[in-house]
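Going by our numbering, 1618 is the number at position 355 of the sequence shown; the sequence numbering is gapless. Notes for the one structure printed next.
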Amino acid sequence: MRKLLFELRMRKVSALRSLIICVLFVIIGVSSITLMASFAAVNLDGATNNSITADTVFINDLESDYNYYMGLNYTTITNNNIPTYTNRYNDNNLVRVFITYSGVDANNNTLVGRVSKNESQFEFRYYKYYPKDNNGYIDIELPDNPFASRPNGKAFNGWVTSDTNATLRIDKDTYTRYARVNVGNNANYTITFNASWTNSTRITRAADVGNLKDYGMQAVPTADVMASVWDHNEVHYYTDPNKTYYDQMVVTQYQSYSGYTCDANTGVCTPVNAVCQDINGCRYYGVFTGEYSDHYLSFIEYQQWSGNMALRTAYDNEYLRADYNVPAYVIRSIGQKIDLPNGASLVGYYHREQYPGGGSASLFYDANGLRCDQGGACNNGQNAYRLIQANDNANI
């Protein structure tokens, strides 16, 4: 009798287990159907499949991104209970974003980064989904420099965009760049980022490591602003049109130059046509193209007695001297400007100014590149560095 009761109990338990397993199978099956139904809604319209052309690399992550976010609806823990379905991500808050990362410099289209010396692609196009918050913003983590072949003498200074809806940020600790973009109510958004190439210091020997700059904010190189100035308070020297005059000039590292270099002791001058390799710049005598000067010039002439080209100072009688009271235009430096083309975008550079505090903290960085709202050493009224954005209307 006991044996019979035991067998009956076992059969009931087995039947109960079978029922539970069947129920579990039904639940999992229904969930799988629901997931598959959700994932099938991905929008691939207008997007190019993963491929490579002569100029462009296409990366289509739309399907994998969409499936990822839909899957999070089933795994996100909002309390201490086992995760259940939540409608956290849906077609109303997932935005399709078409992103172009171009190796063409934002200010100089002759500076182009490419995938490698043997791979000519200079553009990456990504098709992705991003969730937007309740205020209509998405956050894009920007990739590191994908171009192994860089313009000569240049280094990657990050990504810049002319999109005024985007705000660029950088994390000093991970050296990761981000773009926070206001997409509003748009279900689709297109944005382009261009590389910013800037002058670099390069070394090829361990012994030259001391030539590298310290980590931190570095001033952008400047150049003289030359202008024609109306002046009648100085004596001006007019050049003889029958002579070629040379003035001492300086070029920076990696700039090409052509003229003469002259020995300070012998005065002998040798033609030069080269690219400056000196980190401190190169001095040479280049052709003076003006009609007048406010200082003595020199000219190089052939000396029959020595058989050399030699530098000689031009004397007073080799100029037509203007009177003191006769006004004249003089071309001279009236100041300095950053060494970028006229009208160049300054997005991606920093402007040193007084730190205002308050809600602007996320736009400012300290001298070591740490954002002010993330522990940077920033004090109200003292100098800090504002990362310039495309919507920046400040007078810089």
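Here a beta-carbon is modelled for each residue, glycine too, at the ideal position from N, C-alpha and C.
Following the continuous beta strand (DSSP E) through residue i, name the residue where it begins and the one where it ends.
i	result
N1445	1439-1445
N1660	The structure shown has nothing for residue 1660, since the chain only spans 1264 to 1659.
E1386	1386-1394
Y1520	1519-1525
P1346	Segment: none, P1346 is in no beta strand (DSSP E) and carries neither H nor E.
Y1352	Segment: none, Y1352 is in no beta strand (DSSP E) and carries neither H nor E.
G1549	1545-1550
S1459	1451-1462
D1636	It is not in any beta strand (DSSP E) - D1636 carries neither H nor E in the DSSP assignment.
D1510	1508-1514
P1227	With the chain represented from 1264 up to 1659, any question about residue 1227 goes unanswered, as that position is not in the structure.
N1646	1646-1650
Measure the CB-CB distance between residue i and residue j and report whether it falls below 8 Å.
i	j	result
L1325	K1391	yes
A1653	T1427	yes
N1336	T1349	yes
A1369	N1462	no
Q1518	Y1548	no
S1365	S1412	no
A1450	R1388	no
T1515	G1473	no
N1312	N1330	no
S1327	F1321	no
Y1618	C1641	yes
G1611	K1435	no
I1244	L1603	There is simply no residue 1244 to check, as the chain begins at 1264 and stops at 1659 in what is shown.
V1672	P1414	Because the chain spans 1264 through 1659 in this model, residue 1672 falls outside it and cannot be assessed.
R1351	T1339	yes
Taking residue i as the reference, which of the options has the closest Cα?
i	options	result
R1615	G1606, F1627, A1607, N1605	F1627
D1503	G1553, V1538, V1305, Y1547	G1553
S1459	T1453, I1466, T1529, T1424	T1424
V1444	A1469, T1430, D1636	T1430
Y1508	T1363, V1550, Y1612	V1550
N1398	C1641, N1356, M1572	N1356
Y1520	G1421, A1469, P1534	P1534
N1353	M1333, Y1612, G1309	M1333
V1531	D1434, A1537, Q1540, A1573	A1573
Y1438	T1338, C1641, E1404, S1383	E1404
V1446	A1310, V1483, D1402	D1402
L1307	D1407, Y1612, F1361	F1361
I1466	I1542, R1649, I1340	I1542
P1432	Q1645, C1635, N1643, G1644	The amino acid occupying residue 1432 in the given sequence is Arg; Pro does not appear at that position. Looking at the Cα atoms, C1635 is the closest of the given residues.
E1386	A1470, W1422, Y1400	W1422
D1526	Y1400, R1546, T1338	R1546
N1571	L1609, A1537, N1420, T1529	T1529
N1662	L1650, D1629, P1414, T1464	Summary: the structure shown does not reach residue 1662, with the chain confined to residues 1264 through 1659, and so no result is reported for it.
D1318	G1622, R1377, T1464	R1377
T1464	N1420, G1621, K1506	N1420
Q1637	T1339, I1345, A1624	A1624
N1605	N1371, T1455, N1343	N1371
M1480	T1524, A1647, P1409	A1647
N1381	F1410, Y1393, T1373	F1410
A1310	A1470, Y1452, K1476, G1620	Y1452
Y1393	A1537, V1305, V1483	V1305
G1664	G1622, R1649, Q1540, G1620	Nothing about residue 1664 can be read from this structure; the chain reaches only from 1264 to 1659.
Y1400	N1448, D1655, N1505	N1448
V1513	T1347, G1522, A1418	G1522
For a cutoff of 8 Å on Cβ pairs, would you count residue i as touching chain D?
i	result
N1397	The displayed structure is made up of one protein chain only, and chain D is not part of it.
Complete runs of the beta strand (DSSP E) confined to the stretch 1357-1432 [at least 3 residues]: 1357-1365, 1386-1394, 1400-1405, 1417-1423
Segments assigned beta strand (DSSP E), at least 3 residues, entirely inside the stretch 1605-1634: 1613-1617
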